[in-house]
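Below you'll find the structure, written out as structure tokens, and then a few comments.
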Amino acid sequence: MIKIGNIHLPNFPLLLAPMEDVSDPPFRRLCKEYGADLVYSEFISSEGLIRDAIKSKKKLDIFDDERPVGIQIFGGDEEAMSLSTEIAAAVKPDLVDINFGCPVKKVVSKGAGAGVLKDIDLMVRLTEACVKSTELPVTVKTRLGWDNDSINIHEVAERLQDVGIQALSIHGRTRCQMYKGVADWRPIAEVKNNPRIHIPIFGNGDIDSPQKAVEFKNRYGVDGIMIGRASIGNPWFFKEVKHYIATGELLNPPDITERVNAVKKHLIRSCEWKGERVGILEMRRHYANYFKGLENFKAFRARLVSSLEKEEILEILNELETIYI
């Protein structure tokens, strides 16, 4: 059993990575149903929370059927991070996670996300400010370093553990790599094998098949894995990984009925949570992923993304299932 504070997770848990415009409550709940053991909110700007920005506040919504769930925040100012931790804790998540890994320019340019990798002392101060602001477990997600010449994850892990974080998720790339090249899990394994480290260490990056999940589990010895892009339009990936770990056998891919049912749940929950119009508009980015590889799907996709009526979209999905069954 893996423990993060008072959170009990199974051995070798599977975590849903926090992903902007993807890991909202409707998608998190789907992934939970398919086997995700711990899920995270989209990352939330500390400055946005303090300004009472509507978009940031909306990202604080959590539901009991997705627990355990973490709220992830980012920022580069100690006072702002401290206050935003208090705001996040007020909605009663199971933990608060700090993003020191986002590589996108608009975040890094503000001295946040992976931008903090240039200044470990600042990273430690920001983390300590968050830890002191809540009784909830505080965890961190980060990268190996800024670039190949400054891989500092070994020092980062020790120092962040020393100021009180209770788990660390490491993406096996530097900031300069963005999402290109191959994730290097060797430094992640070195952190895990460091005798000074006693908190759970989760690996992230390039887990795109059940076979690779088991291979990396055995090769690098991490406590669990965080799954990001492989889950987009594919929430059953968690079930597939768990089945392969347990049996060594691959599950058959989801049939058209399972795909359609997942999309319906996602659509209906999005409309319930965001309102019908916004829910419909934001679902449009997901259809191509859910039905990836389906022959002659283009015409159906055109209809799905042009409709503004939930019932009409559900009818199109029923028609799609009937044709491809």
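Going by our numbering, the letters in the sequence shown line up with residues 2 to 326, in that order.
Heads up, the beta-carbon is just placed ideally off N, CA and C, and yes, glycines get one too.
| Item | Value |
| --- | --- |
| Shortest alpha-carbon distance to ASN195 belongs to which of GLN212, ILE208, ARG174, GLY222? | GLY222 |
| Which residues does DSSP pair with ILE74 in a beta bridge? | ILE45, ILE99 |
| Run through DSSP, which three-state label would ASN319 get? | helix |
| Kindly give me the distance between the Cβ atoms of LEU16 and GLY225, rounded to whole angstroms, as I take these residues to be in contact under 8 Å. | 6 Å |
| Given a cut-off of 8 Å on the beta-carbon distance, is the pair CYS32 and SER232 in contact? | yes |
| What does DSSP give as the partner residue(s) for GLY146 in the beta ladder? | ILE152 |
| Can you give the Cα-Cα distance for ALA18 and TYR41, rounded to whole angstroms? | 6 Å |
| Short of 7 Å in beta carbon distance, which residues of its chain neighbour LYS111, apart from the five on each side in sequence? Order them along the chain. | GLY77 |
| Can you have a look at ASN297 and say buried or exposed, based on whether 16 or more other CB atoms are within 10 angstroms of its CB? | exposed |
| When you compare the region 174-188 with the region 140-152, are there three or more beta-carbon pairs, one atom per stretch, that lie closer than 8 Å? | yes |
| Note down, in chain order, each residue of its chain lying with its Cβ closer than 7 Å to the Cβ of ILE208, except the 5 sequence neighbours on either side. | ALA214, PHE217, ILE226, ILE228, ALA231 |
| Using 10 angstroms around the beta-carbon of SER83, count the other beta-carbons present and answer buried if the total reaches 16, otherwise exposed. | buried |
| Between the Cα of ILE257 and the Cα atoms of GLY206, LEU321, GLU313, ARG270, which residue gives the shortest distance? | LEU321 |
| Can you check which of these residues, VAL105, PRO27, MET284, is closest to VAL70 by C-alpha distance? | PRO27 |
| Work out the CA separation of GLY280 and LYS266 for me, nearest whole Å. | 12 Å |
| Can GLU48 and ALA81 be called in contact, C-beta distance under 8 Å? | yes |
| Below 8 Å on the Cβ atoms is my contact criterion, and I expect GLY357 with VAL139 to pass it. Report the Cβ-Cβ distance as a whole number of Å. | Because residue 357 is not part of the residues shown, which for the chain are 2 to 326, the question remains open. |
| Return the bridge partner residues of HIS9 from the DSSP annotation. | LYS4 |
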